[in-house]
Amino acid sequence: MFIFRMVRRLVLIICIVLGAIYVYDTYQSYQGTNRVSKAHTTVEQTIEENEDTLSRWERMHRIFTFREKVEAALHQRVPRDKWVKSENIPDNAKRALVAIEDKRYYKHGAIDVLGVTRAFYVNSVAGETVEGGSTITQQLVKNLFLSSKRTMSRKAEEAILAVEMEHYYSKDEILTMYLNTVYYGHNYYGIKEAAEGYFGTSPSRLTLGQCAMLAALPNAPTYLDPYENYKGAKTRQKLVLAQMVDQGMISQAEADYAYKQELGIE
Numbered sequence: 012m013f014i015f016r017m018v019r020r021l022v023l024i025i026c027i028v029l030g031a032i033y034v035y036d037t038y039q040s041y042q043g044t045n046r047v048s049k050a051h052t053t054v055e056q057t058i059e060e061n062e063d064t065l066s067r068w069e070r071m072h073r074i075f076t077f078r079e080k081v082e083a084a085l086h087q088r089v090p091r092d093k094w095v096k097s098e099n100i101p102d103n104a105k106r107a108l109v110a111i112e113d114k115r116y117y118k119h120g121a122i123d124v125l126g127v128t129r130a131f132y133v134n135s136v137a138g139e140t141v142e143g144g145s146t147i148t149q150q151l152v153k154n155l156f157l158s159s160k161r162t163m164s165r166k167a168e169e170a171i172l173a174v175e176m177e178h179y180y181s182k183d184e185i186l187t188m189y190l191n192t193v194y195y196g197h198n199y200y201g202i203k204e205a206a207e208g209y210f211g212t213s214p215s216r217l218t219l220g221q222c223a224m225l226a227a228l229p230n231a232p233t234y235l236d237p238y239e240n241y242k243g244a245k246t247r248q249k250l251v252l253a254q255m256v257d258q259g260m261i262s263q264a265e266a267d268y269a270y271k272q273e274l275g276i277e
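With the working numbering, letter number 155 in the sequence shown gets 166, and the count goes up by one each step, no holes.
Dropping the structure here:
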């Protein structure tokens, strides 16, 4: 009986999660933006083109050879010579990412049901997409494998792959993969290229202000390119710092100093 109850609860949870995802994607479809590609570079366009040609069998096979596929996808997105180990990434870079992208990252699993529900409510009230419901883990698997088009099938597959990601990898490993592969704009992939390209420094020497700036960019890397829209990038950086303060990661004094500090953008 105990096992039966556990299975029944698991099925119920899965139904609730998929239902929330379905409702959210239905809303996106209503807006007419669910099938628009958001690929920023030829690298992402290539990933999307390859993804669109996969058969159902190949998608199923990916689930059963997940770790192997992750390694191949990581290398395809960023060469290993540009990879930064977790211990060489500042804690502030990780904290800033969590603060702005997924503040409940360490409290939920692969999918944040509360986050999806909250995003749907906020977007419904606003009449536009102002908040996403995807976790950092979901964003990572989308970046590595999936099309950026918002379709129900992609979201369902994203949820399955995200669960696998959190089964095989720790939270810190997932953050490290994300920071090493995310697109920061200006054709910079990963924290190594972004730190060297924008600030002329190594990831391990990034200041709090620079970490907050990098965390700000993946939201809209083309629009927030500091070379083209420095004011917009600074506004987003300020929001990242404010979120870090609200979540007890840094003090208000540290946030104020970091915002005023020269970033050294080259």
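Where is the CB? At the ideal position from N, CA and C, for every residue including glycine.
*For Arg216, count neighbouring Cβ atoms within 10 angstroms of its own Cβ and tell me buried if that reaches 16, exposed if not.*
exposed
_Helix, strand or coil for Gln42? Go by DSSP, reduced to three states._
The predicted position of Gln42 is uncertain, since its pLDDT is 49 and thus under 50; a value taken from the coordinates is nonetheless stated next. Reduced to three states, the DSSP call for Gln42 is helix.
*What are the start and end residues of the alpha helix (DSSP H) that includes Asp123?*
Unbroken run through Asp123: none, as it is neither H nor E.
*Anyone know if the C-beta pair for Val251 and Ala107 falls short of 8 Å?*
yes
*asked:* If the criterion is Cβ atoms closer than 8 Å, does the pair Tyr209 and Ile111 meet it?
replied: no
*What span of residues does the alpha helix (DSSP H) with Ile185 cover, start to end?*
182 to 192
*asked:* Taking its Cβ as the centre, do 16 or more other Cβ atoms sit within 10 Å of Pro214, making it buried, or is it exposed?
replied: buried
*Using the DSSP secondary-structure output, state which residues sit across from Tyr200 in a beta bridge.*
Tyr194
*asked:* Can you give me the C-alpha to C-alpha distance between Arg67 and His86, rounded to a whole angstrom?
replied: 24 Å
*Residue span of the alpha helix (DSSP H) that contains Lys249, given as start and end*: 241 to 257
*In three-state DSSP terms, what is Gln263?*
helix
*Exposed or buried, which one is Leu65 when buried takes at least 16 other CB atoms within 10 Å?*
exposed
*Identify, in the order they occur along the chain, each residue of the same chain with its Cβ nearer than 7 Å to the Cβ of Lys203, setting aside the five sequence neighbours on each side.*
Lys93, Val95, Pro214
*Take Ala206 and list the residues in its own chain whose beta-carbon comes closer than 7 Å to its own, dropping the five residues that flank it on each side.*
Thr212, Ser213, Pro214, Leu217
_Expected contact under 8 Å - CB spacing of Tyr195 and Leu151 to nearest Å_ = The Cβ separation is near 15 Å, so there is no contact.
*Kindly indicate which residue of Ile147, Met260, Glu60 has the alpha-carbon position closest to the one of Thr187.*
Ile147
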